[in-house]
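Mapped onto the working numbering, the consecutive letters of the sequence shown carry residue numbers 27 to 120.
C-beta atoms are modelled at their ideal positions from N, C-alpha and C, and glycine is treated no differently.
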Amino acid sequence: DIIPLDELYRICEYARSITLERPALLGRIIARPYVGEPGNFTRTANRRDLAVSPFAPTVLDKLNEAGIDTYAVGKINDIFNGAGINHDMGHNKS
């Protein structure tokens, strides 16, 4: 609990805002909070992913345009920022 959760999110949102263009472009910023003491930290369920949407249509978008449902498993929905995905099957955000 060195950095309060709201502060961690604010820092990550700022990092996202300055890494949206080249040369500093990053695909995803992950706010991954932990609790505990040095040498014994545990992840919490409060993870937040801040991803960049694809810059151009993807195969997922083309499938949607053709009336075909798309499903995301694991972290795929986060990686694509939900773009082109009809159904998020979820995942363990650890």
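Euclidean distance between Cα positions of N66 and Y60: Stepping through the sequence shown from its first residue, residue 66 is reached at position 40. Stepping through the sequence shown from its first residue, residue 60 is reached at position 34. Using only the alpha carbons, I get a separation of about 10 Å.
Sequence ranges, alpha helix (DSSP H) only - wholly within the region 36–102, length at least 4: 85–91
Cut-off 6 Å between Cβ atoms - residues of its own chain near P80, not counting five sequence neighbours on either side: Within the sequence shown, residue 80 is the residue found at index 54, counting from 1. Excluding sequence neighbours, P80 sits near A109.
Proximity winner among E63, N112, A50, I56, relative to I37 (alpha-carbon distances): Along the sequence shown, read from residue 1 onward, the residue named residue 37 stands at position 11. For I37, the nearest C-alpha among the options comes from I56.
For D104: DSSP bridge partner residues: Position 78 of the sequence shown, counting from 1, holds the residue named residue 104. Bridge partners of D104: none, in fact.
Residues of its chain near R42, where Cβ-Cβ distance is below 7 Å and the 5 sequence neighbours each way are ignored: Taking the sequence shown and counting its residues from 1, the one referred to as residue 42 is at position 16. So the list reads I55, L76, once near-sequence residues are dropped.
Close Cβ partners of T68 (< 7 Å) along its chain, the five nearest in sequence each way excluded: Position 42 of the sequence shown, counted from the first residue, corresponds to residue 68. Result list for T68: Y60, V61, G62, in chain order.
Nearest-angstrom Cα separation, counted from R73 out to P49: By one-based count along the sequence shown, residue 49 stands at place 23. By one-based count along the sequence shown, residue 73 stands at place 47. Using only the alpha carbons, I get a separation of about 26 Å.
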